[in-house]
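Asks: Which chain is which? The protein sequence lines are A and B, in order.
For the first sequence, counting from 1, position 91 maps to 277 in the numbering used here; every step adds exactly one.
For the second sequence, counting from 1, position 182 maps to 368 in the numbering used here; every step adds exactly one.
Mind looking over this structure? Questions follow.
2 protein chains.
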Amino acid sequence: MEKRTEIENLGEFGLIDKLTEKTQKYQDSTIKGIGDDAAVIDSGDYFTLVSTDMLVEGIHFDMMYTPLRHLGYKSIIVNLSDIYAMNGEAKQVTVSIAVSSRFSVEALEEIYAGIHKACELYKVDLVGGDTTSSTSGLIISVTAMGTVAKDEIVYRSGGKENDLLVVSGNLGGAYMGLQVLEREKEVYKDNPNMQPQLEGVDYILERQLKPEARKDIVHHLSELGIMPTSMIDISDGLASEVKHLCKAGGLGAEIYDEKLPIDQETYDVARDFNLDPSTCALNGGEDYELLFSISQNDYDKIKDSKHMTVVGHYTDKNAGVNVVDRNGQSIPMEAQGWTHF
Amino acid sequence: MEKRTEIENLGEFGLIDKLTEKTQKYQDSTIKGIGDDAAVIDSGDYFTLVSTDMLVEGIHFDMMYTPLRHLGYKSIIVNLSDIYAMNGEAKQVTVSIAVSSRFSVEALEEIYAGIHKACELYKVDLVGGDTTSSTSGLIISVTAMGTVAKDEIVYRSGGKENDLLVVSGNLGGAYMGLQVLEREKEVYKDNPNMQPQLEGVDYILERQLKPEARKDIVHHLSELGIMPTSMIDISDGLASEVKHLCKAGGLGAEIYDEKLPIDQETYDVARDFNLDPSTCALNGGEDYELLFSISQNDYDKIKDSKHMTVVGHYTDKNAGVNVVDRNGQSIPMEAQGWTHF
């Protein structure tokens with residue numbers, strides 16, 4: 187009998203490792219393949235960056251509460267975020283969409299309205315794609331391309347012990363937005379006449395449904411004369427991304443619970459849900475903020491920034507990856523990330 | 187009541203036109219967006235080419251007769267074909283896959299074995315991708331990247347009146363392979379104990395299940411000192427592709443029925459199915475051959491080639507796109523192409 191291993195037994199990252207371990211390199215222009223936010227291709231005077239992501243109905247989004255326009259917008263944003271996480275400038279995208287016949291032309295136009303809006307705001311060009319039918323549901327696959335000067339590229343690796351770990355914006359909002367939407371969906375399913383309770387949670391809903399990518403942070407760091415030593419975008423939750431950086435750089439890390447930037451609305455709603463706001467900030471995904479490390483010498487340049495918060499620092503690899511709680515206790519960090527399988 | 191237009195009423199090309207008509211250009215490096223086989227990006231010393239395609243279970247392939255390894259192989263080939271159709275060299279690919287839990291890790295490894303094989307034979311690097319779950323079925327989205335010297339790029343436009351229209355290889359085989367597979371599927375559904383009748387049709391089955399991209403033709407033309415004036419790959423059937431070239435170039439065309447290159451096996455099986463072999467060659471898709479135009483001055487260089495066949499020539503736009511039958515009658519060409527919607 188043929189061997190059958192369930193995908194869920196490996197998890198997303200284990201699966202990717204297994205499937206791509208036999209990858210060979212044939213082209214000199216391939217500088218970096220799988221294993222960072224974007225692939226890196228030598229284009230002579232600079233590097234070209236390429237990143238791709240697939241959004242699947244029922245897995246990444248729920249049509250019951252996801253406006254199509256926002257979905258189109260978000261599908262672009264999540265890919266641009268990967269280009270910015272390499273310290274690059276996003277320039278072009280391709281979009282492939284598979285839809286079943288339950289979607290109308292007008293529905294697709296709504297998705298594209300969001301795509302065009304994101305392209306306009308981030309100044310990227312929609313240059314290609316594919317449109318096809320599916321037997322069920324909606325799938326959007328986006329590939330983003332960008333460029334970065336060869337001496338300005340920032341990888342996941344490259345951090346050094348004692349470098350400061352910094353996050354842009356705030357964390358946990360997208361996750362709490364999702365919790366609110368899921369709660370209202372359940373209420374609606376029980377009684378379709380109930381009006382959804384979405385007052386006072388605009389910010390976290392927008393974090394979930396219409397996130398932004400931190401192009402501004404890349405520019406801001408450049409203006410401040412700061413070159414991050416390592417960088418990643420926060421799509422799967424801070425804890426998961428810190429672990430990625432530590433693995434890539436051969437380092438450990440300490441993250442300070444009390445430093446985690448959490449918006450008041452996120453905090454309040456987490457409390458309403460009887461959730462620990464810090465856990466939401468550590469493990470909630472889809473914030474699309476940037477996590478990066480800087481030399482301690484650069485601390486003065488960012489310490490007054492409203493857009494960036496120092497949340498910890500790299501340590502020796504043997505110290506592991508830890509969270510220091512409000513009592514000063516260092517405990518191993520659990521990265522649950524987003525497991526789709 | 188909201189307006190609802192069914193996608194099938196527009197067709198694939200009409201839909202793409204409608205969805206992308208509002209596309210803006212923000213980046214100077216974007217040379218050519220939607221509307222050719224690949225997007226063209228200025229990379230300084232040369233152009234970067236980008237093409238993307240999505241294969242959806244139940245639409246583009248049937249798991250009942252598609253070996254997973256071949257599916258992985260084909261998913262790469264169909265994208266490389268688009269790069270070669272720009273006279274370029276394919277260099278990198280990204281692969282995103284969504285699968286439902288009915289697929290095992292071993293099944294995915296089979297798909298990747300095919301992907302790796304195609305990468306090895308065509309010397310392209312797998313540099314990124316995404317692996318996620320789907321609620322049903324298997325979806326593969328591939329993006330291929332390549333390069334081409336700026337003075338060697340070939341667009342769909344660029345042909346001139348009287349330029350010769352040339353196809354590589356032969357046509358209709360992939361379509362007849364599909365007919366055989368569909369026939370055997372029906373037989374199997376009626377009686378699962380019946381053995382499939384696949385003897386003597388190896389060639390057309392391979393054309394359907396494991397096609398090749400014509401990298402060799404691009405090299406061959408270069409060696410012969412021929413620069414095509416226009417080019418496209420034949421994914422949707424010759425008739426459909428001739429129409430694309432004519433539309434892009436503002437030209438008409440005459441295709442000679444008796445010149446269509448049809449393999450003997452394709453011919454024989456078409457006859458078995460009571461199909462006109464020429465119709466299969468004109469409208470059968472998925473051959474992934476190249477269709478291109480050359481100056482009449484280059485005719486002597488290719489007239490003895492086993493790999494290329496002159497099938498017609500460009501005419502004035504007002505003459506339309508026609509097929510000249512074996513009686514010398516010129517009749518308007520119908521391009522049914524592949525309509526997935």
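The C-beta atom is built at its ideal place from N, Cα and C for all residues, glycine as well.
Just so it is clear, the structure is predicted and the values come from calculations on it, not from any experiment.
Determine whether the beta carbon atoms of Leu477(B) and Val352(B) lie at a separation below 9 Å.
Replies: A contact, by the Cβ cut-off of 9 Å.
Asks: Under 9 Å between beta-carbons, which chain B residues line up against Arg190(A)? List them in chain order, please.
Replies: Per Cβ cutoff of 9 Å: Ser290, Val291, Glu292, Ala293.
Asks: Have a look at Asp311(A) and Thr209(B) and give me their C-alpha separation to the nearest angstrom.
Replies: Asp311(A) and Thr209(B): Cα-Cα distance of roughly 8 Å.
Asks: Under the three-state reduction of DSSP, which class applies to Ser516(A): helix, strand or coil?
Replies: If DSSP states are grouped into helix, strand and coil, Ser516(A) belongs with the strands.
Asks: Using the beta-carbon of each residue, which ones in chain A are nearer than 7 Å to Thr252(B)?
Replies: None at all; the shortest Cβ gap to chain A is about 15 Å.
Asks: For Thr495(A) and chain B, any beta-carbon pair shorter than 9 Å?
Replies: Output row for Thr495(A): interface = no.
Asks: Within a Cβ cutoff of 6 Å, which residues of the same chain sit near Thr206(B), ignoring the five residues on either side of it in sequence?
Replies: Excluding positions up to five away in sequence, the list reads Ile220.
Asks: Hey, does Gly244(A) have any beta-carbon neighbour from chain B nearer than 9 Å?
Replies: Answer yes: the Cβ-Cβ gap between Gly244(A) and chain B drops below 9 Å somewhere.
Asks: Whole angstroms are fine: how far does the CA of Glu243(A) sit from the CA of Met250(A)?
Replies: Met250(A) and Glu243(A): Cα-Cα distance of roughly 10 Å.
Asks: Step through the CB atoms of chain B and report whether any lies within less than 9 Å of the CB of Lys336(A).
Replies: Taking Cβ atoms only, chain B never reaches closer than 9 Å to Lys336(A), which makes this a no.
Asks: Is it the case that the Cβ atoms of Ser267(B) and Asp223(B) are separated by a distance below 9 Å?
Replies: Yes; because the gap between Cβ atoms is below 9 Å, this pair is in contact.
Asks: So, do the stretch 408 to 427 of chain B and the stretch 470 to 484 of chain B have three or more beta carbon pairs nearer to each other than 8 Å?
Replies: Flag = yes, the stretch 408 to 427 of chain B and the stretch 470 to 484 of chain B touch.
Asks: Give every residue of the same chain whose Cβ lies closer than 6 Å to the Cβ of Gly314(B), excluding the five residues on either side of it in the sequence, and list them in chain order.
Replies: So the qualifying residues of the chain are Thr280.
Asks: With DSSP as the reference, label Lys218(A) as helix, strand or coil.
Replies: Here Lys218(A) sits in strand by DSSP.
Asks: Compute the distance between the beta-carbons of Gly300(B) and Ser327(B), then report whether it is under 9 Å.
Replies: Cβ distance not < 9 Å, so Gly300(B) and Ser327(B) don't count as in contact.
Asks: How is Thr206(B) classed by DSSP in three states: helix, strand or coil?
Replies: In the structure shown, Thr206(B) sits in a helix (DSSP, three-state: H, G or I).
Asks: Measure from the C-beta of Asp310(A) to each C-beta in chain B and report whether the shortest distance is under 9 Å.
Replies: It is worth fixing the name first, because residue 310(A) is Val in this sequence and not Asp. It does; some Cβ of chain B falls within 9 Å.
Asks: Let me know if Thr525(B) comes out buried or exposed under the rule of 16 or more other beta-carbons within 10 Å of its beta-carbon.
Replies: Confidence at Thr525(B) is low in this model, with a pLDDT of 49, below 50, so the placement of that residue should be treated as unreliable; the coordinate-derived value is given next. When all chains shown are included, Thr525(B) counts as exposed.
Asks: Please specify which runs of the beta strand (DSSP E), each continuous and at least 3 residues long, are wholly inside the stretch 257 to 314 of chain A, giving them in chain order.
Replies: DSSP runs (the beta strand (DSSP E)) wholly in the stretch 257 to 314 of chain A: 275 to 285.
Asks: Could you name the residues of chain B that Ser426(A) contacts, counting a contact when the two beta carbons are closer than 7 Å?
Replies: Neighbours of Ser426(A) on chain B: none; closest Cβ ~15 Å, over 7 Å.
Asks: Check the Cβ-Cβ distances between Asp422(B) and every residue of chain A, and say whether any is below 9 Å.
Replies: No, Asp422(B) does not count as interfacial toward chain A.
Asks: Pairs of beta-carbons, one from the stretch 315 to 334 of chain B and one from the stretch 273 to 292 of chain B, closer than 8 Å: are there three or more?
Replies: A contact exists between the stretch 315 to 334 of chain B and the stretch 273 to 292 of chain B.
Asks: List the whole-angstrom C-beta distance separating Tyr298(A) from Gly258(A), where the pair is believed to meet the contact cut-off of C-beta under 8 Å.
Replies: Between Gly258(A) and Tyr298(A) the Cβ distance is about 6 Å, and since that is below 8 Å, they are a contact.
Asks: Taking beta-carbon pairs under 8 Å, can you tell me which members of the stretch 311 to 329 of chain B lie near chain A?
Replies: Answer set for the stretch 311 to 329 of chain B: Asp311, Leu312, Val313, Gly314, Gly315, Asp316, Thr317, Thr318, Ser319, Ser320, Thr321, Ser322, Gly323, Ile325, Ser327, Thr329.
Asks: Just mark Gly523(A) as buried or exposed, buried being the case when its beta carbon has 16 or more other beta carbons within 10 Å.
Replies: Residue placement at Gly523(A) is poorly supported in this model, since its pLDDT is 49, which falls under 50; the coordinates still yield a value, given next. Buried, by the Cβ-count rule.
Asks: Starting from the Cα of Gln278(B), find the closest Cα among Ser229(B), Leu364(B), Leu324(B), Met331(B) and give me that residue.
Replies: Here the closest residue by C-alpha is Met331(B).
Asks: Could you pull the start and end residues of the alpha helix (DSSP H) that Thr465(A) belongs to?
Replies: First-last of the alpha helix (DSSP H) with Thr465(A): 463 to 469.
Asks: Between Ser229(A) and chain B, is any beta-carbon pair separated by less than 9 Å?
Replies: For Ser229(A), the answer is yes, since a Cβ of chain B falls inside 9 Å of its Cβ.
Asks: Can the beta-carbon of Asn356(B) be found less than 9 Å from the beta-carbon of Asp449(B)?
Replies: Yes, the pair counts as a contact, with Cβ atoms nearer than the cut-off.
Asks: So with CB distances below 7 Å, who are the chain B contacts of Met240(A)?
Replies: The contacting residues are Ser282, Ala284, Asp316, Thr318, Ser327.
Asks: From which residue to which residue does the alpha helix (DSSP H) around Gly435(B) run?
Replies: Start and end: 424 to 435.
Asks: For Ser215(B), which option in Lys401(B), Leu235(B), Gly200(B) has the closest C-alpha, if you only look at C-alpha atoms?
Replies: It is Leu235(B) whose Cα lies nearest to the Cα of Ser215(B).
Asks: Any idea what DSSP makes of Met362(B), helix, strand or coil?
Replies: Met362(B): helix per DSSP, three-state reduction.
Asks: From what residue to what residue does the beta strand (DSSP E) around Glu440(A) run?
Replies: From DSSP, the beta strand (DSSP E) with Glu440(A) extends over 438 to 442.
Asks: Mind checking which residues open and close the beta strand (DSSP E) that includes Thr175(B)?
Replies: Since the first residue of chain B shown is 187 and the last is 527, residue 175(B) is not available in this structure.
Asks: Among the candidates Phe459(A), Tyr453(A), Leu446(A), whose CA atom is the shortest distance from the CA of Leu468(A)?
Replies: It is Leu446(A).
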